[in-house]
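Colleague:
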Amino acid sequence: MAYRVKTPSILSKVLYRNLVWKIPVGDTPAVYLTFDDGPHPTATPFVLDQLKEYNAKATFFCIGKNVVEHQDIYQRILKEGHRVGNHTQNHVNGWHTKKNKYITDVNEAEKHINSNLFRPPYGRITRGQISALTQRDKPYKIIMWDVLSGDFDTTINGQKCLDNVLSAVEPGSIIVFHDSQKAWDRMSYALPKVLAFCTEQKWQLKALTTT
Numbered sequence: 008m009a010y011r012v013k014t015p016s017i018l019s020k021v022l023y024r025n026l027v028w029k030i031p032v033g034d035t036p037a038v039y040l041t042f043d044d045g046p047h048p049t050a051t052p053f054v055l056d057q058l059k060e061y062n063a064k065a066t067f068f069c070i071g072k073n074v075v076e077h078q079d080i081y082q083r084i085l086k087e088g089h090r091v092g093n094h095t096q097n098h099v100n101g102w103h104t105k106k107n108k109y110i111t112d113v114n115e116a117e118k119h120i121n122s123n124l125f126r127p128p129y130g131r132i133t134r135g136q137i138s139a140l141t142q143r144d145k146p147y148k149i150i151m152w153d154v155l156s157g158d159f160d161t162t163i164n165g166q167k168c169l170d171n172v173l174s175a176v177e178p179g180s181i182i183v184f185h186d187s188q189k190a191w192d193r194m195s196y197a198l199p200k201v202l203a204f205c206t207e208q209k210w211q212l213k214a215l216t217t218t
């Protein structure tokens, strides 16, 4: 499975520089944990418990149909002070979906997810889809990432997933994990250790802002 743990600068600074890949570092260094594809009945409560233990906040990019199915877990995310974002209704691949159909799917998820943050599934989105989402009356802020944990990769183990993050994370990094069944083995191993590492470095663990 081919992917880059650290986002190449040609993507973040040249080709798609209008998307959010990393957060500027302020007076207090911080990193930004994000979780895609939930809510999930096992993975999401585990993540929330881990975040609570470290007094950490994060951002959950939710699939609309999963929010409908697991409304109680979605409400827990909000109640515990985390942010949510739109990850489409049905986890559609932007490269394989016509613009109008893609936007319709995003709009369907919007009925269940109140947020101006959006992350495209697989990180795949066309320029036309970007324009449609960012140039509307209530524009979306499209969030990508600086560090890809690889927890979705079934060919690696939890230690490799952890190594991926620790080798690339720095203040301002947006890190991608997945609160999903597929990622469970690797995410559940790596996440507690990433939280501990960031805490040892005295980096705040913050949710993304909506402004």
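Using my numbering, read the sequence shown as starting at 8 and increasing by one per residue.
Note that CB positions come from ideal geometry on N, CA and C, so glycine has one too.
(1) Since V201 is in the alpha helix (DSSP H), which residue starts that stretch and which ends it?
(2) Can we count S156 as close to the ligand GDP, meaning its CB is less than 6 Å from some heavy atom?
(3) Which same chain residues, not among the five before or five after H119, have their C-beta less than 7 Å away from its C-beta?
(4) Taking K148 as the reference, which of V21, D160, N121, S174 has the closest Cα?
(5) Suppose the cutoff is 7 Å on Cβ atoms and the five residues either side in sequence are ignored; what does the same chain contact list for V99 look like?
(6) Determine contact between the region 40-51 and the region 17-31, defined as no fewer than three beta-carbon pairs at a distance below 8 Å.
(7) Just grab the DSSP bridge partners of Q57 for me.
(8) Tell me which residue opens and which closes the beta strand (DSSP E) that G93 is part of.
(9) What does S187 pair with, by DSSP beta-bridge criteria?
(10) To which residues of the same chain is A139 closer than 7 Å at the C-beta, ignoring the five residues directly before and after it?
(11) In whole angstroms, what is the alpha-carbon distance linking Q211 and H89?
(12) Name the two residues that bound the continuous beta strand (DSSP E) containing V38.
(13) Would you mind giving the Cβ-Cβ distance between F204 and M194, rounded to the nearest angstrom? I have them listed as a contact below 8 Å.
(14) Output yes or no for whether 7 Å exceeds the beta carbon distance between P178 and Q57.
(15) In whole angstroms, what separates the C-alpha of G130 from that of T41?
(16) Could you check which residue in N114, R143, V201, T133 has the C-alpha nearest to that of L155?
(17) Based on DSSP bridge pairs, tell me the residues matched to T141.
(18) I'd like the list of long-range same chain contacts for N123, defined as Cβ closer than 6 Å, with 5 residues on each side in sequence excluded.
(19) Looking at the structure shown, is I150 part of a helix, part of a strand, or coil, going by DSSP?
(20) Relative to the C-alpha of N93, which residue among K86, V32, D79, T66 is closest?
Modeller: Taking the geometry as given:
(1) Taking the sequence shown and counting its residues from 1, one reaches residue 201 at position 194. For V201, the enclosing alpha helix (DSSP H) covers residues 191-207.
(2) Absence of the ligand GDP is noted for the structure shown, with no ligands found whatsoever.
(3) Within the sequence shown, the letter at position 112 stands for residue 119. Around H119: G71, V74, V75.
(4) Stepping through the sequence shown from its first residue, residue 148 is reached at position 141. Answer by Cα proximity: N121.
(5) Position 92 of the sequence shown holds residue 99. Annotation for V99: Y109, D112, P128 place their beta carbon closer than 7 Å to its own, counting only its chain and skipping 5 residues before and after.
(6) With the cut-off at 8 Å, the region 40-51 and the region 17-31 do not touch.
(7) What you label residue 57 is simply residue 50 of the sequence shown in a count that begins at 1. None, per the DSSP bridge assignment.
(8) Here residue 93 refers to the residue found at position 86 when the sequence shown is read from its first residue. Looking at the sequence itself, residue 93 is Asn, so the reference to Gly does not match. Segment 90-93, the beta strand (DSSP E) holding N93.
(9) Reading the sequence shown from its first residue, position 180 is the one you call residue 187. S187 is not bridged to any residue.
(10) Taking the first residue of the sequence shown as position 1, residue 139 is located at position 132. If the five residues before and after A139 are omitted, its C-beta is found closer than 7 Å to the C-beta atoms of K106, I110, all from its own chain and listed in chain order.
(11) Within the sequence shown, the letter at position 204 stands for residue 211. Within the sequence shown, the letter at position 82 stands for residue 89. A straight line joining the alpha-carbon of Q211 with that of H89 spans about 14 Å.
(12) Looking up residue 38 in the sequence shown gives position 31. Per DSSP, V38 belongs to the beta strand (DSSP E) from 37-43.
(13) Start at 1 with the first residue of the sequence shown, and residue 204 comes out as number 197. Start at 1 with the first residue of the sequence shown, and residue 194 comes out as number 187. Contact flag wrong, Cβ pair sits at about 15 Å.
(14) Stepping through the sequence shown from its first residue, residue 178 is reached at position 171. Stepping through the sequence shown from its first residue, residue 57 is reached at position 50. Not in contact: P178 and Q57 (Cβ atoms no closer than 7 Å).
(15) Stepping through the sequence shown from its first residue, residue 130 is reached at position 123. Stepping through the sequence shown from its first residue, residue 41 is reached at position 34. Approximately 13 Å, taken between the alpha carbons.
(16) Start at 1 with the first residue of the sequence shown, and residue 155 comes out as number 148. Of the candidates N114, R143, V201, T133, the one whose C-alpha sits nearest the C-alpha of L155 is V201.
(17) As a first step, residue 141 must be located in the sequence shown, where it is residue number 134. DSSP, once it has assigned bridges, lists no residue as partnering T141.
(18) For the purposes of this step, residue 123 is identified with residue 116 of the sequence shown, where counting begins at 1. The answer, listed in chain order, is Y147, K148, T217.
(19) Stepping through the sequence shown from its first residue, residue 150 is reached at position 143. It is a strand residue.
(20) Within the sequence shown, residue 93 is the residue found at index 86, counting from 1. By alpha-carbon distance to N93, the top candidate from K86, V32, D79, T66 is T66.
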